[in-house]
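Peer 1:
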Amino acid sequence: MKKIAILLSVLLMATSCDWFVFDNQEGYNAQIEGRIIDAETGEVVQMGWPNNQRIEIIEWGWNDDNPESDKWYVKPNGTYRNKLVFAGKYTMDTRDRNFYPVQQDFEIKKGPNTVDFKVIPYVRIIDPVITYEDGKIVARCKVKASDPAKTPDVTVALFMFTDRWVSDGNNTVSGQKTTKLSKTKLADGETVLEMTVDPTITSGMQFVYEREHFLRIGAYAAGSGVNSSKRYNYSPVYKMSRDFKTVTEVTNWDEE
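Take the sequence shown: its position 213, counting from 1, is numbered 216 in my numbering, and each next residue is one higher.
#1: Is the separation between the beta-carbon of G64 and that of G91 shorter than 8 Å?
#2: Rounded to a whole number of angstroms, what is the C-alpha to C-alpha distance between G37 and K139?
#3: Closer than 7 Å by C-beta to T194: which residues in its own chain qualify, once you throw out the five before and the five after it? Chain order, please.
#4: Mind the definition here: the segment 158-168 touches the segment 113-123 only if three or more C-beta pairs lie below 8 Å; say whether that holds.
#5: Ends of the beta strand (DSSP E) at P131?
#6: If you draw a straight line from the C-alpha of E215 to the C-alpha of G172, how long is it?
#7: Would I58 pass as a contact of T82 if the rule is Cβ separation under 8 Å?
#8: Quick one: what's got a C-beta closer than 8 Å to S170's C-beta in the same chain, skipping five residues either side?
#9: Assuming contact is defined by CB atoms lying nearer than 8 Å, are V240 and T154 in contact in what I supplied?
#10: Relative to the C-alpha of K86, which candidate in F102, I111, D130 and I39 has its C-alpha closest?
#11: By how many angstroms is the C-alpha of V88 removed from the C-alpha of G178?
#12: Please confirm whether any heavy atom of the ligand SAH lies closer than 7 Å to the CB of P124.
#13: Under the rule that 16 or more other beta-carbon atoms within 10 Å means buried, what is V200, buried or exposed?
#14: At 3 residues or longer, what runs of the beta strand (DSSP E) sit wholly inside the segment 92-125?
#15: For I35 and V118, which I take to be in contact (beta-carbon distance under 8 Å), what is that distance rounded to the nearest angstrom?
#16: Could you tell me which residues DSSP pairs with A148 in its beta bridges?
#17: Using the beta-carbon count (16 or more within 10 Å), is Y31 buried or exposed?
#18: For a quick check, are the C-beta atoms of K242 and A190 less than 8 Å apart?
#19: Considering only the alpha carbon of each residue, which of N255, F210, E197 and G226 lies closest to D130?
#20: Going by DSSP, what residues sit across from T158 in a beta bridge?
#21: Measuring only the C-alpha atoms, how far is D257 from V77?
#22: Less than 8 Å between the CB atoms is what I'm expecting for R167 and V47, so what's the real figure, rounded?
#23: If I measure Cβ to Cβ from R143 and keep anything under 6 Å in the same chain, skipping five residues before and after, which residues do I get?
Take a look at the structure:
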């Protein structure tokens with residue numbers, strides 16, 4: 004009987020302490036989506052997987068003296084969606100991406116939200132066109148650095164991959180098969196640049212089998228202390244048919 008009394012006393016003490024306090028934290032109550040927008044042109048800033056695919060978000064109200072940033076992933080077409088967030092105040096504070104460092108405060112309300120983040124890309128790719136001419140894949144475009152004084156070094160390249168996640172990190176053509184240009188005067192937004200790939204020259208697995216090809220033009224602009232990680236800005240992604248005759252822009256980024 005004495006043992007039973009002791010046991011009941013221990014249980015009473017335990018139930019009166021924090022061990023048995025239920026978590027009454029409200030669950031996720033909001034969703035948010037939006038775009039990464041060029042503040043000067045209004046166009047969506049294209050991103051690249053896996054080297055340029057996220058933005059940093061600070062949620063206020065939890066540990067404001069020493070806030071930690073969360074990572075929100077952005078699709079290659081510059082759109083994002085997060086279905087598991089809390090209503091509250093936030094700051095987008097992102098550095099080391101393909102745009103100048105930026106901070107933007109915003110608020111999320113309960114339910115669905117739409118918020119676009121305005122940024123300044125290091126360089127813009129203008130009028131990209133990809134064709135197949137005389138047995139070669141040809142890419143043409145113009146490029147323009149946002150601030151040539153800060154980023155005098157500009158490199159342009161054509162990337163190709165076996166699926167739509169093509170980028171500088173997912174690329175199967177390089178070296179002599181991709182022309183890279185590093186001349187400041189070419190980043191004037193007027194000069195048409197041209198890059199070619201000869202599919203008869205095998206490059207990895209890209210041309211070993213008959214398949215659709217995914218391509219995009221990339222460029223990075225860098226200077227002293229600016230974009231030292233060489234984050235690329237991009238054109239949209241294009242899909243070239245197996246026979247090389249048809250090129251269409253990839254737009255199905257809502258698919259998982």
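Note that the Cβ used here is the ideal one computed from N, Cα and C, for glycine as well.
Peer 2: Answer, in terms of the structure:
#1: Here the question's residue 64 lines up with position 61 in the sequence shown. Here the question's residue 91 lines up with position 88 in the sequence shown. In this structure, the beta-carbon distance from G64 to G91 falls below 8 Å.
#2: For the purposes of this step, residue 37 is identified with residue 34 of the sequence shown, where counting begins at 1. For the purposes of this step, residue 139 is identified with residue 136 of the sequence shown, where counting begins at 1. If you draw a straight line from the Cα of G37 to the Cα of K139, it is about 38 Å long.
#3: Counting from one through the sequence shown, the residue named residue 194 turns up at place 191. K145, listed in sequence order.
#4: Contact between the segment 158-168 and the segment 113-123 is absent, because fewer than three Cβ pairs lie under 8 Å.
#5: Position 128 of the sequence shown, counted from the first residue, corresponds to residue 131. Looking at the DSSP string, the run of the beta strand (DSSP E) that includes P131 is V126 to E136.
#6: The residue labelled residue 215 in the question sits at position 212 within the sequence shown. The residue labelled residue 172 in the question sits at position 169 within the sequence shown. If I take the Cα positions, the gap works out to 19 Å.
#7: The residue labelled residue 58 in the question sits at position 55 within the sequence shown. The residue labelled residue 82 in the question sits at position 79 within the sequence shown. Cβ atoms of I58 and T82: not closer than 8 Å.
#8: Here residue 170 refers to the residue found at position 167 when the sequence shown is read from its first residue. Cβ neighbours of S170 within its own chain (closer than 8 Å, five residues either side excluded): G51, W52, P53, N54, N55, P79, F162, F164, R219, G221, Y235 and Y237.
#9: As a first step, residue 240 is located in the sequence shown; it is residue number 237 there, counting from the start. As a first step, residue 154 is located in the sequence shown; it is residue number 151 there, counting from the start. Cβ distance not < 8 Å, so V240 and T154 don't count as in contact.
#10: Residue numbering aside, residue 86 sits at position 83 when the sequence shown is read from its first letter. Nearest C-alpha to K86: I111.
#11: For the purposes of this step, residue 178 is taken as the residue at position 175 of the sequence shown. For the purposes of this step, residue 88 is taken as the residue at position 85 of the sequence shown. A caution first: G178 carries a pLDDT of 49, below 50, which makes its placement in the model too unreliable to give a value.
#12: With respect to the ligand SAH, the structure offers nothing, as it holds no ligand at all.
#13: Taking the sequence shown and counting its residues from 1, one reaches residue 200 at position 197. Buried: at least 16 other Cβ atoms inside 10 Å.
#14: Those beta strand (DSSP E) runs which fall completely within the segment 92-125 and span 3+ residues are 105-111, 114-117 and 120-122.
#15: The residue given as residue 35 occupies position 32 in the sequence shown. The residue given as residue 118 occupies position 115 in the sequence shown. I35 to V118, Cβ: 6 Å. Contact.
#16: Taking the sequence shown and counting its residues from 1, one reaches residue 148 at position 145. DSSP output for A148 lists V126 as bridge partner(s).
#17: Against the sequence shown, residue 31 aligns to sequence position 28. In this structure Y31 is exposed. Its beta-carbon is surrounded by fewer than 16 other beta-carbon atoms within 10 angstroms.
#18: If you number the sequence shown from 1, residue 242 lands on position 239. If you number the sequence shown from 1, residue 190 lands on position 187. No, Cβ-Cβ distance for K242 and A190 is not below 8 Å.
#19: Residue numbering aside, residue 130 sits at position 127 when the sequence shown is read from its first letter. Checking every option, the nearest Cα to that of D130 belongs to E197.
#20: One-based indexing of the sequence shown puts residue 158 at position 155. T158 is bridged to Y223.
#21: Working through the sequence shown from its first residue, we reach residue 257 at position 254. Working through the sequence shown from its first residue, we reach residue 77 at position 74. A direct Cα-to-Cα measurement between D257 and V77 gives close to 12 Å.
#22: If you number the sequence shown from 1, residue 167 lands on position 164. If you number the sequence shown from 1, residue 47 lands on position 44. Not quite, the Cβ-Cβ distance comes to about 16 Å (not below 8 Å), so this is no contact.
#23: In the sequence shown, the residue the question calls residue 143 occupies position 140. Exclusion of the five residues before and after R143 leaves V132, V195 and E197 as the residues of its chain whose Cβ lies within less than 6 Å of its Cβ.
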